[in-house]
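Q: Quick one: structure below, then a few questions.
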Amino acid sequence: MSEHSANPSTATAATGRSRAVKAVIPAAGLATRFLPATKAVPKELLPVVDRPVLQYIVEEATQAGIGDVLLITGRGKTSMVDHFDRRPDLEARLEAKGDAERLAAVRGPSELAEIYTCRQPEQLGLGHAVGYAESHVGDQPFAVLLGDEFVKPAEPLLPAMLELQARTGGVVLAFFEVDPAETKRYGIASVEPAEAELTDIGEVVRVTGMVEKPKPEDAPSNLAVLGRYVLPASIFDAIRRTEPGSGGEIQLTDAMELLRNEGTPVHAIVYRGTRYDTGMPLGYLQTVVQIAAERDDLGAEFRKWLAEFVNTDASGVTGT
């Protein structure tokens, strides 16, 4: 781990364009929805069974071949970096006990990727946070993974996004379908069919515009923005030219729209896999339950207990 940037990679896709090999995780927010727990514990370290949310996200990046991760942190969040550091004292204790399984689990985070950090002094929007990655990323494309969403490892999303960006050289987003009544909760895209030569990558669309939290009757589609982006380095200049928008903050969406209006292609992959959203308490609880229920070591017993629990009314009487 380091506070300093590494040299840009020269990895090249078949098109001759550089393929993104670095990821940026903006994680400086205050997580007010989870107070008071997040007064002292970063939301990104809240456990999903026995691994923090942030570890799942870094694992998603490394599964896609990204070995360089920059955390955009904030005040009181140094423990996020600590999680990916070594603990020789704890490792020695586990090794002495012969607890190989827990020893591997403790060492695992430090072996995932090179973790770098950068401090965002004030939380002035996602675009503002991403702008702090410029000196680390340089002139190469890079991925942005929001710190409260991840996808099921068996149903990856990022590899296809990296391939799509390497082919187009533009902005690549990810969308998922929502119920039309729910469009007012998300950024919603207007789209058109993608170029034929891109359809082998997956369900690809060309983005013609985005609307933030439209009413159902005003929504151009039911495709909502998922917290994954693969961006060209030109986004940094666009961020510098972006005025504060919604909430008085510098929005990444506005910077991407600026690039699109200036001719940068914007595409997206429509994701049909399993998405976990831990950004709000209900979604976090749902994620914990889903993943616990699927665990080989916990799932059978947990599902049995859960079935008994949901069939028991408030008085403790089991229903029929």
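Start counting the sequence shown at 8; every next residue gets the next number (my numbering). The beta-carbon is built from N, C-alpha and C at its ideal position, and this holds for glycine as well. This one's a predicted model, so the numbers in the text were calculated from it and none came from an experiment.
1. One question on the structure: do I257 and P251 come within less than 7 Å of each other, judged by their Cβ atoms?
2. Within its chain, find whatever has a CB closer than 8 Å to the CB of P5; leave out the 5 residues flanking it on each side and keep chain order.
3. Give the DSSP-derived three-state secondary structure of L313 in the structure shown.
4. Compute the beta-carbon to beta-carbon distance between A240 and T190, rounded to the nearest angstrom, for a pair I have assumed lies under 8 Å.
5. Pick helix, strand or coil for I246, following the three-state DSSP scheme.
6. At which residues does the beta strand (DSSP E) containing A47 begin and terminate?
7. Which parts of the stretch 58 to 146 are runs of the alpha helix (DSSP H), unbroken and 4 residues or longer, counting only runs that do not cross its ends?
8. Determine the closest residue to L133 out of G216, A111, I246, D186, with distance taken between C-alpha atoms.
9. Locate the alpha helix (DSSP H) running through R174, then write down its first and last residues.
10. Could you have a look at E51 and say whether DSSP puts it in helix, strand or coil?
11. So, under 8 Å CB-CB, A27 and Q147 are touching, yes? Tell me the CB distance rounded to an integer number of Å.
12. Give me whichever residues DSSP pairs with F157 in a beta bridge.
13. Excluding sequence positions up to five away, which residues of its chain have a Cβ less than 6 Å from the Cβ of V295?
14. For R93, count neighbouring Cβ atoms within 10 angstroms of its own Cβ and tell me buried if that reaches 16, exposed if not.
15. Could you tell me the boundaries of the alpha helix (DSSP H) in which V295 lies?
16. Could you give the first and the last residue of the continuous beta strand (DSSP E) run that contains A38?
17. For the 8 Å Cβ check, are there 3 or more pairs between the stretch 219 to 238 and the stretch 179 to 186?
18. Taking the alpha helix (DSSP H) that N259 belongs to, which residues open and close that run?
19. Note down, in chain order, each residue of its chain lying with its Cβ closer than 7 Å to the Cβ of A181, except the 5 sequence neighbours on either side.
20. Should A203 go down as buried or exposed, given a rule of 16 or more other Cβ atoms within 10 Å for buried?
21. Is the stretch 140 to 157 in contact with the stretch 193 to 211, if contact means three or more CB pairs nearer than 8 Å?
22. Thinking just about the alpha-carbon of each residue, which of K50, I32, V31, K46 is nearest to the one in M287?
23. I need the straight-line Cα distance from D89 to V137, nearest angstrom please.
24. From V317, D75, R267, pick the residue whose C-alpha is nearest to that of I32; which is it?
25. Note the first and the last residue of the continuous beta strand (DSSP E) segment covering P200.
26. What did DSSP end up calling S253 once you bin it into helix, strand or coil?
27. For T124, does the count of other Cβ atoms within 10 angstroms reach 16, so buried, or fall short, so exposed?
28. In the DSSP assignment, find the beta strand (DSSP E) that holds A150 and state where it starts and stops.
29. Please state whether DSSP places N318 in a helix, a strand or coil.
30. Any chance the stretch 107 to 127 sits against the stretch 208 to 216, with 3 or more Cβ pairs inside 8 Å?
31. Quick check: what's the CA-CA separation for V317 versus V198?
A: Let's see:
1. Taking 7 Å as the Cβ cut-off, I257 and P251 qualify as a contacting pair.
2. Since the first residue of the chain shown is 8 and the last is 327, residue 5 is not available in this structure.
3. helix
4. Not really, about 32 Å apart at Cβ, beyond 8 Å.
5. helix
6. Per DSSP, A47 belongs to no beta strand (DSSP E) and is neither H nor E.
7. As far as the stretch 58 to 146 is concerned, its whole alpha helix (DSSP H) runs of at least 4 residues are 60 to 70, 86 to 90, 95 to 104, 107 to 114, 133 to 138, 141 to 144.
8. I246
9. DSSP places R174 in the uninterrupted alpha helix (DSSP H) bounded by 165 to 175.
10. helix
11. The pair is a contact, with the Cβ atoms about 7 Å apart (cut-off 8 Å).
12. DSSP output for F157 lists Y283 as bridge partner(s).
13. V55
14. Exposed, because fewer than 16 other Cβ atoms sit within 10 Å of the Cβ of R93.
15. 288 to 301
16. Run containing A38: none; DSSP gives neither H nor E here.
17. The stretch 179 to 186 and the stretch 219 to 238 touch, with three or more beta-carbon pairs separated by less than 8 Å.
18. A small correction: the amino acid at residue 259 is Leu; Asn does not occupy that position in the sequence shown. It spans 259 to 268 - the alpha helix (DSSP H) in which L259 sits, taken as one unbroken run.
19. L164, M168, L233, R235, A275, I276, Y278
20. Per the 10 Å Cβ criterion, exposed.
21. Touching, no.
22. K50
23. 22 Å
24. D75
25. First-last of the beta strand (DSSP E) with P200: 194 to 200.
26. helix
27. When all chains shown are included, T124 counts as buried.
28. 149 to 152
29. coil
30. Contact fails: fewer than three Cβ-Cβ distances are below 8 Å.
31. Linking V317 to V198 through their CA atoms gives a straight-line distance of about 41 Å.
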